[in-house]
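*Asks:*
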Amino acid sequence: MLKLKKISKSYKTGSFFQKALNEVSVSFREKEFVAILGSSGSGKTTLLNIVGGLDVYDYGDLVFNNKSTKKFKSKDWDAYRNNSIGFVFQNYNLISHISVLDNVQLGMTLSGKSKSEREEKALYLLDKVGIKEHSHKKPNQLSGGQMQRVAIARALANDPDIILADEPTGALDSKTGDKILDLISEVAKDKLVIMVTHDSAMANKYAKRIIRLKDGEVLDDSDPYNDKEDSSLYKLKKTSMNFLTALNLSFKNIITKKGRTALTAFASSIGIIGIALVLSLSNGFDKQIEQFEIDTLSSFPIMISEQQMEINENTFRQDREGEYPDTDFAISTNVNEEMMIHENDITEEYFEYVSSIDPSLLNGITYNWGTTLNILRKTEDEVKVFTQRDLFFTTLPKQVDESDASFLEKGYDLLGGELPKTPYELVIQLDTKNRIDENLLKVLGLEGEEVSFDELIGKTFKIAANDDFYIEGEPVFARNPDLNAVYDSEDAIKLTVVGIVRGKEDNLLSELVGGQPWPGRILFSSELQEELLDLNFNSKIVQNQLDQDRSVLTNEVLDQDDKVNALRMLGFSETPRMINIFPRDFESKDEIISILDEYNEGVSDEEKIVYNDLAETITSLSSSIMNAITLVLVAFSAISLVVSSIMIGIITYISVIERTKEIGVLRALGARKKDITRVFNAETFIIGVNSGILGLTIARLLIFPINDYIESATELENVAQMSVEHIIILMLVSIILTLIGGFIPSKMASRKDPVEALRTE
Ligand code: ADP
Ligand code: MG
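For my numbering, add 397 to where a residue sits in the sequence shown, where the first one is 1.
#1: Ligand 2 heavy atoms versus the CB of K441: any closer than 7 Å?
#2: Let me check understanding here. Comparing Cα to Cα, which of K586, I433, T566 lies closest to I577?
#3: Determine, using beta carbons only, whether G613 and G457 come nearer to each other than 8 Å.
#4: Would the beta-carbon of Q415 be found less than 7 Å away from any heavy atom of ligand 1?
#5: E420 lies in the beta strand (DSSP E); which residues open and close that run?
#6: Could you tell me how far apart the beta carbons of I699 and N741 are, in whole angstroms, since I believe they sit closer than 8 Å?
#7: Excluding sequence positions up to five away, which residues of its chain have a Cβ less than 7 Å from the Cβ of G767?
#8: Which runs of the alpha helix (DSSP H) at least 4 residues long sit entirely within the segment 591–639? Give them in chain order.
#9: Just verifying my parser: in three-state terms, what is the DSSP assignment at R981?
#10: Look at the alpha carbon of I992 and the alpha carbon of S1109, and state the distance between them as a whole number of angstroms.
#11: Run through DSSP, which three-state label would L392 get?
#12: What's the gap between the Cα of K588 and the Cα of D556?
#13: Do you know offhand how far S597's Cα is from S571's?
#14: If the criterion is Cβ atoms closer than 8 Å, does the pair K856 and V883 meet it?
#15: For L805 and T744, I'd like the C-alpha separation in whole angstroms.
#16: Going by the beta-carbon positions, is the gap between T658 and I1084 smaller than 8 Å?
#17: Would you say A1154 and I670 are within 8 Å of each other, going by their C-beta atoms?
#18: Leaving aside the five residues before and after I652 along the sequence, list all residues of the same chain whose C-beta is less than 8 Å from its C-beta, in chain order.
#19: Can you give, in chain order, each stretch of the beta strand (DSSP E) that sits fully within the segment 479–513 and has at least 3 residues?
#20: Less than 8 Å separating the beta-carbons of T763 and T784?
#21: According to DSSP, N555 sits in a beta bridge with which residue or residues?
#22: Helix, strand or coil for N1130 per DSSP?
#23: Closer than 7 Å to a non-hydrogen atom of ligand 1 - does that hold for the CB of S437?
#24: Taking contact to mean at least 3 C-beta pairs separated by less than 8 Å, is the segment 975–983 in contact with the segment 941–961?
#25: Quick check on R899: does DSSP put it in helix, strand or coil?
#26: Output the distance between the C-alpha atoms of L1066 and K611, rounded to the nearest integer angstrom.
#27: Taking 8 Å as the cut-off, does the segment 1102–1119 touch the segment 1128–1141 (at least 3 CB pairs, one atom from each stretch)?
#28: Ignore the nearest five residues each way along the sequence and tell me which others in V1086's own chain have a CB closer than 8 Å to its CB.
#29: A562 and F430 look like a contact to me (Cβ under 8 Å); what is the Cβ gap, rounded to whole Å?
#30: Is the beta carbon of A1146 less than 8 Å from the beta carbon of F1077?
#31: Any heavy atom of ligand 3 closer than 7 Å to the CB of E514?
#32: Compute the minimum distance between the beta carbon of E614 and the heavy atoms of ligand 1, and state whether it is under 7 Å.
#33: From which residue to which residue does the alpha helix (DSSP H) around I1095 run?
#34: So what does DSSP say about G542, is it helix, strand or coil?
#35: Is there at least one non-hydrogen atom of ligand 1 closer than 7 Å to the beta-carbon of Y456?
#36: Taking only the alpha-carbon atoms, compute the straight-line gap between K859 and N877 and give it to the nearest angstrom.
Given below as structure tokens:
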């Protein structure tokens, strides 16, 4: 059944060749108890390892069941060891961190037997070798004789054809040794048992056949056998270890060094903690920013003007970058291109499109028509003409939904007087510090450090009718020099200041109604604005101007743009110069934006109407800064991940050294190189999972005090927040990095020579 044909093997140490076996030829019967006898160094162990497929011969052939092993690949040897060979070693070679039962089962897990089958067989064998009651003990809780019984049970587990025993009683006292040899003799009744010994008395007593070795050569064979070869159908069943078995082995190993594993997991979790905290914080800040946006920024208007500058983060940076030029000449540029100013052609069609936006989406819309009003104020002795700019006239948003509280009521506190009841009643808006610009006071005929509300309330203006303000002449119109008559005309509209208001606290919209916060302005209703447009449209001078392409005031020839401006000077325009849309809330804003975008669909870039969403600009600016900070911090934490991967590599390397014997045993039982890699990958996997869980747990706990601190410093609640995605990603990062760290040591482990691995103590 087993035949060695001129097998030679030598070992090379440095430049010295040691011939361990020299052309050994011997055949074995299917069932016999053979003792290999020889002095130390005669090549007994080498012979046994070659028969067992742990070591590979240099020359000759090993024929098993009539099949040559010359062409065996390493996985064939693995299968051969697993299926056909059972090893019994002098020093038992049990794996110390798993139970007796698990030790016996190990070879069967490699050949893929089911759990119930494995356990049944293992218990049967443990019973047969007489130590069933110790099956749940760890090997080091047993005596030498008991351990050798376990080893015999393990050797028998896969029903091998050959049992190889290398001085199985060498470490036992003679009485115990006799019992073990009785057991082995029993086994030899239906198997080939080859036992190595240097004790000739023992060999004579138990073995049926004795082969003597000397200096690597067969000296004498007491019962040689002549085998006839015939062809065979012998087939090996391939081995493999599944990941669960590897996990179980490594888990039980790790259990024996809890302290070290915990420290390793903690050290490598530090990077995870760092990244988890950074991500939680930036995640939380992003959410805060979003909330801020919903709360406050949504009240920022969407602005559409005839000249729209595209504001983004570059707007504020560009001009300051690079060298300032050192020229003694001015450089011509095109401001529209340079400043990215887009000319919006706000047509009547567009005006109507915007006007028809669903009022339920809006807090209001303001239209700035760019028209000049003929504002008159009468002091004791004279009447003066002012413009909107002099009076900081600001048009209030058009109230789009009648059922709504008016814009004034919603956004402002009344400090004195009352709110207007008609379009001809005005209020003065003070800034957040109750201030009013002295220039405005001067226009109102007031001065001094403090001005009482009573002095402001009751101030009156008149808006002169165009037909009174301009006198028709030949060839052009002229201003009426008699302002007193204009002022006193029945057609002049009288406006009275009736109240003093201030924007409600935290209501940005009221501050921003005129585009920016400003100390003191006069708020003017959009109804009045519309009425004036109507009145002016019907005036003689406007009608006259509409009919001709020469200025009605200077007789100059006007192009299209000049004519629009000339009409605006006369208080009339068909289209607004600027539109500010105030969304009701964050969701409405998105909807409004999509309505505005829809208008631009399929329109050339030049004809598009570009709007400016200031809130969006601010938000994207702050979140891009946030992203940059996050990236830097994550990069720093990542360094500690690299360090921990290296550390995992070192720890795994140490583990490989510690588990060298186990590697030898596993290989002897038929584990492939791949399976050994798997065992150590399982170990790093466990550490990776632990450090991931530990890191994320610690980070989660640290979030409590961090949030308390942030809340006490900034009044922001629950800023740091861990998201599920981050937890999953960091868990994977932890596992992958430890696997990478342990990769090289695991590969090293798989390459270990099983013979040498078994030799280590
Ligand atoms: P035995 O088991 O009979 O004592 P071995 O088979 O262990 O003898 O060794 C046979 C010879 O081969 C010895 O001279 C030994 O020193 C040598 N030898 C065995 N294994 C190695 C090895 N891995 N490297 C170098 N020499 C070895
Ligand atoms: Mg030996």
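Glycine residues also receive a C-beta, built at the ideal position from the N, C-alpha and C atoms.
*Replies:* Quick answer:
#1: In the sequence shown, residue 441 corresponds to position 44, counting from 1. Yes; taking the cut-off as 7 Å, the Cβ of K441 has a heavy atom of ligand 2 nearer than that.
#2: By 1-based counting over the sequence shown, the position of residue 577 is 180. Selected option, being the one with the closest Cα: T566.
#3: For the purposes of this step, residue 613 is identified with residue 216 of the sequence shown, where counting begins at 1. For the purposes of this step, residue 457 is identified with residue 60 of the sequence shown, where counting begins at 1. Contact check for G613 against G457 fails: the beta carbons are separated by 8 Å or more.
#4: In the sequence shown, counting from the first residue as 1, residue 415 sits at position 18. Yes.
#5: As a working note, residue 420 is residue 23 in the sequence shown. Element bounds for E420: 413–425.
#6: Residue mapping note: residue 699 aligns to position 302 of the sequence shown, counting from 1. Residue mapping note: residue 741 aligns to position 344 of the sequence shown, counting from 1. N741 and I699 do not touch by the CB rule: their CB atoms are close to 13 Å apart, not below 8 Å.
#7: Reading the sequence shown from its first residue, position 370 is the one you call residue 767. The residues are R965, S970, R974.
#8: Fully enclosed alpha helix (DSSP H) runs of 4 or longer: 597–603.
#9: Walking along the sequence shown from the start, residue 981 turns up at place 584. The DSSP-derived three-state label of R981 is coil.
#10: For the purposes of this step, residue 992 is taken as the residue at position 595 of the sequence shown. For the purposes of this step, residue 1109 is taken as the residue at position 712 of the sequence shown. Between the alpha carbons of I992 and S1109 lies a gap of roughly 42 Å.
#11: Residue 392 cannot be examined here, being either before or after the span of the chain that is shown, 398 to 1158.
#12: Here the question's residue 588 lines up with position 191 in the sequence shown. Here the question's residue 556 lines up with position 159 in the sequence shown. Near 9 Å, if we compare the C-alpha coordinates of D556 and K588.
#13: Taking the first residue of the sequence shown as 1, we reach residue 597 at position 200. Taking the first residue of the sequence shown as 1, we reach residue 571 at position 174. So the alpha carbons of these two residues sit roughly 14 Å apart.
#14: Stepping through the sequence shown from its first residue, residue 856 is reached at position 459. Stepping through the sequence shown from its first residue, residue 883 is reached at position 486. No.
#15: To locate residue 805, count along the sequence shown from 1; it is residue 408. To locate residue 744, count along the sequence shown from 1; it is residue 347. L805 and T744: Cα-Cα distance of roughly 29 Å.
#16: Within the sequence shown, the letter at position 261 stands for residue 658. Within the sequence shown, the letter at position 687 stands for residue 1084. Yes, Cβ-Cβ distance for T658 and I1084 is below 8 Å.
#17: As a position in the sequence shown, residue 1154 is number 757, starting the count at 1. As a position in the sequence shown, residue 670 is number 273, starting the count at 1. In this structure, A1154 lies away from I670, with their beta-carbon atoms at least 8 Å apart.
#18: As a working note, residue 652 is residue 255 in the sequence shown. Around I652: H494.
#19: Whole beta strand (DSSP E) segments, 3+ residues: 482–485.
#20: Working through the sequence shown from its first residue, we reach residue 763 at position 366. Working through the sequence shown from its first residue, we reach residue 784 at position 387. Taking 8 Å as the Cβ cut-off, T763 and T784 do not qualify as a contacting pair.
#21: Reading the sequence shown from its first residue, position 158 is the one you call residue 555. N555 is not bridged to any residue.
#22: Locating residue 1130 in the sequence shown gives position 733, counting from the first residue. The question names Asn, but residue 1130 is Val in the sequence shown. DSSP places V1130 in helix when its eight states are reduced to three.
#23: Locating residue 437 in the sequence shown gives position 40, where the first residue counts as 1. Flag set: Cβ of S437 near ligand 1.
#24: Not touching, per the Cβ criterion.
#25: On the sequence shown, position 502 is the one that residue 899 refers to. Shown here, R899 sits in a strand according to DSSP, grouped into three states.
#26: If you number the sequence shown from 1, residue 1066 lands on position 669. If you number the sequence shown from 1, residue 611 lands on position 214. Going by the C-alpha atoms only, they are around 29 Å apart.
#27: They do not touch, by the three-pair rule.
#28: Indexing the sequence shown from 1 puts residue 1086 at position 689. Only M1128, S1131, I1132 meet the Cβ criterion.
#29: As a first step, residue 562 must be located in the sequence shown, where it is residue number 165. As a first step, residue 430 must be located in the sequence shown, where it is residue number 33. The pair is not a contact, with the Cβ atoms about 10 Å apart (cut-off 8 Å).
#30: Counted from its first residue, the sequence shown places residue 1146 at position 749. Counted from its first residue, the sequence shown places residue 1077 at position 680. A Cβ-Cβ contact shorter than 8 Å links A1146 with F1077.
#31: Ligands in the displayed structure: ligand 1 and ligand 2; ligand 3 is not one of them.
#32: By 1-based counting over the sequence shown, the position of residue 614 is 217. Judged by the Cβ position, E614 fails to qualify as a neighbour of ligand 1 at the 7 Å threshold, every heavy atom of the ligand being at least this far.
#33: Against the sequence shown, residue 1095 aligns to sequence position 698. Looking at the DSSP string, the run of the alpha helix (DSSP H) that includes I1095 is 1070–1111.
#34: By 1-based counting over the sequence shown, the position of residue 542 is 145. Correct three-state label for G542: helix.
#35: Numbered from its first residue, the sequence shown carries residue 456 at position 59. The closest heavy atom of ligand 1 lies 7 Å or more from the beta carbon of Y456.
#36: To locate residue 859, count along the sequence shown from 1; it is residue 462. To locate residue 877, count along the sequence shown from 1; it is residue 480. Cα to Cα, the separation comes out at about 15 Å.
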